[in-house]
Amino acid sequence: MPITRRRLIAGSLGIPTATILRHSSAQESPWTLLDDAGGPIARWDHALLPDADGARLFLFGGRDGAGAALDDLWVYDLAGSGWHLVERAGPAPRFGVVAAQMPGGGGFLLFGGQSADIFYNDLWHFDVETLTWTMLDDGSGIAPSPRYGLGGDFDASGRFVVSHGFTFEGRFDDTWAFDPAAGVWNDISPAPETRPLRRCLHEMTALGQGDRLLLYAGCSSGYGPCPQGDLWSFDSDADTWSQLAPVTSPAARSNPAVARSADGILLVGGLTESGPAADVWMGSLNGATFEWVEHVESGNVIAPRSSHDLVTIDGSHLLFGGLGSNGPLADLWRYTTIR
6 MPITRRRLIA GSLGIPTATI LRHSSAQESP WTLLDDAGGP IARWDHALLP
56 DADGARLFLF GGRDGAGAAL DDLWVYDLAG SGWHLVERAG PAPRFGVVAA
106 QMPGGGGFLL FGGQSADIFY NDLWHFDVET LTWTMLDDGS GIAPSPRYGL
156 GGDFDASGRF VVSHGFTFEG RFDDTWAFDP AAGVWNDISP APETRPLRRC
206 LHEMTALGQG DRLLLYAGCS SGYGPCPQGD LWSFDSDADT WSQLAPVTSP
256 AARSNPAVAR SADGILLVGG LTESGPAADV WMGSLNGATF EWVEHVESGN
306 VIAPRSSHDL VTIDGSHLLF GGLGSNGPLA DLWRYTTIR
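Below you can see the structure in the form of structure tokens.
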């Protein structure tokens, strides 16, 4: 169910130091450009999802260079045939959604988003085999309120967990879980004093099998720092948040891209106090200790950007688009960790 209102903001903060892993030559560059023409138009605030077997990428929505919301769906064949437009009826044009691949295949779920003055809280399923959209919930009953710029992922029990976000009335700090088997939303927010500060434009991704979900960065304008640089862990068994305190951390940022990796998570770019970034960090959790390690590259390096998206396929990471210093981008890159 959409809600109509008015407009948007941004902000300031943060700069640390860190452990650094260096790649020393162009031959060792982990970045490979896969495509930068002939497919989707340049965009930002979109959603990028893999299919279960790692053969295809799906790209939905976002906003164009004029800021207009998009509703197109594209598929990229990683075997080499490039981008193809999928013409199917589905969600209204929108940007700033949260979307995640369903465990064990079966497609992905997509929730929320914004288009001009309209915020959404409808929930959709996309079947990657039949290439069709199905609305699972229109948001008119028990559901998270309409919002954009939220985060989420599937947890170990198969729930689609979403948290925080934004409308023109302010920022949220609630956490919800959708049970695909029961077809219902549940508010699983812990006590207010134990939650991450209200925010939007953060990232949230599962660790390992999803027993923990990490929430990182974002913008808390009106409530605290913007950008943010804090890191939180959500225990999906107890439905509780706890703050992590790495010794070193990336600069505070909003609109980064984060995806799970074999050892933890990969962070690329975002909007820092100094502008769009292109830095790459690996993060891993060992017991209660979280460590960030920066990867410093030579050779091919992507343009600084924010509001892009990043997914993991077969041990490498694929990144598309975003908002650069000169406008939106339409490039598709593969990042392969070099050890």
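Counting from 1 along the sequence shown, just add 5 to a position and that's the residue number in this note's numbering.
C-beta atoms are modelled at their ideal positions from N, C-alpha and C, and glycine is treated no differently.
Backbone CA spacing between residue i and residue j [nearest angstrom]
| i | j | result |
| --- | --- | --- |
| Ala5 | Glu296 | Nothing about residue 5 can be read from this structure; the chain reaches only from 6 to 344. |
| Arg258 | Ala187 | 37 Å |
| Gly234 | Thr180 | 20 Å |
| Asp69 | Asp184 | 33 Å |
| Pro90 | Pro197 | Checking the sequence shown, residue 90 turns out to be Leu, not Pro. Their backbone Cα atoms lie some 44 Å apart in a straight line. |
| Trp88 | Gly118 | 24 Å |
| Leu115 | Ala293 | 31 Å |
| Gly269 | Ile307 | 22 Å |
| Gly95 | Val103 | 15 Å |
| Gly72 | Asn260 | 16 Å |
| Pro45 | Gly332 | 15 Å |
With 16 other Cβ atoms within 10 Å as the buried cut-off, status of residue i
| i | result |
| --- | --- |
| Met287 | buried |
| Leu328 | buried |
| Thr199 | exposed |
| Gln214 | exposed |
| Asp242 | exposed |
| Val252 | exposed |
| Leu53 | buried |
| Leu38 | exposed |
| Gly223 | buried |
| Ser311 | buried |
Residue from the options whose Cα sits closest to the Cα of residue i
| i | options | result |
| --- | --- | --- |
| Thr172 | Asp268, Ala196, Ala84 and Leu155 | Leu155 |
| Arg217 | Leu236, Thr137, Asp240 and His207 | Asp240 |
| Arg61 | Gln248, Gly112 and Pro149 | Gly112 |
| Glu278 | Ser289, Ile123, Pro255 and Arg152 | Pro255 |
| Arg164 | Pro108, His130 and Ala250 | Pro108 |
| Ala250 | Gly227, Leu290, Ser225 and Val285 | Leu290 |
| Leu128 | Glu134, Asp143 and Thr135 | Asp143 |
| Asp160 | Cys231, Asp244 and Arg176 | Asp244 |
| Thr135 | Ile46, Gly110 and Ile193 | Gly110 |
| Asp192 | Glu174, Asp178 and Cys205 | Asp178 |
| Leu334 | Arg203, Asp40, Trp246 and Ser162 | Asp40 |
| Cys231 | Ser247, Arg203 and Gln248 | Arg203 |
Distance cut-off 7 Å: residue i Cβ against heavy atoms of the ligand SAM
| i | result |
| --- | --- |
| Ala148 | Absence of the ligand SAM from the depicted structure is noted, as is the absence of any ligand whatsoever, leaving it without description. |
Sequence-distant residues of the same chain with beta carbon closer than 6 Å to residue i, five excluded per side
| i | result |
| --- | --- |
| Ser321 | Arg339 and Thr341 |
| Arg27 | Because Arg27 sits at a pLDDT of 47, beneath the cut-off of 50, its placement in the model cannot be relied upon, and the following sentence gives the value as read from the coordinates. So the qualifying residues of the chain are Val301. |
| Val80 | Arg61, Phe63, His89 and Val91 |
| Leu13 | Summary for Leu13: the model assigns pLDDT 29, below 50, so the residue's position carries little reliability, and this model does not support an answer. |
| Phe131 | Gly112, Phe113 and Trp138 |
| Gly170 | Arg152, Gly154, Leu155, Phe177 and Cys205 |
| Asp336 | Asp41 |
Spatial neighbours of residue i in its chain, beta-carbon cut-off 7 Å, leaving aside the 5 residues before and after
| i | result |
| --- | --- |
| Arg265 | Thr210, Ala211, Leu212 and Thr317 |
| Leu220 | Gly156, Ser168, Pro201, His207, Met209, Trp237 and Phe239 |
| Pro98 | Gly66, Ala74, Leu75, Asp76 and Ser120 |
| Gly101 | Asp50, Gly118, Gln119, Tyr153 and Gly154 |
| Thr137 | Arg93 |
Residues near residue i in its chain [Cβ-Cβ closer than 8 Å; skip 5 each side]
| i | result |
| --- | --- |
| Val189 | Ile147 and Phe183 |
| Pro309 | Gly274, Gly280, Pro281, Ala282, Ala283, Gly329 and Ser330 |
| Gly43 | Gly87 and Trp88 |
| Ala262 | Glu208, Leu272, Val273, Gly274, Gly275, His313, Asp314, Leu315, Leu324 and Gly327 |
| Pro55 | Arg61, Leu62, Phe63, Gln106, Val316, Thr317, Ile318 and Leu323 |
| Gly59 | Leu83, Ile318 and Asp319 |
Limits of the unbroken beta strand (DSSP E) element including residue i
| i | result |
| --- | --- |
| Pro140 | The residue you asked about is not Pro; residue 140 is Met in the sequence shown. Segment Thr137 to Asp142, the beta strand (DSSP E) holding Met140. |
| Ser289 | Gly280 to Asn291 |
| Phe165 | Phe165 to Thr172 |
| Thr317 | Asp314 to Ile318 |
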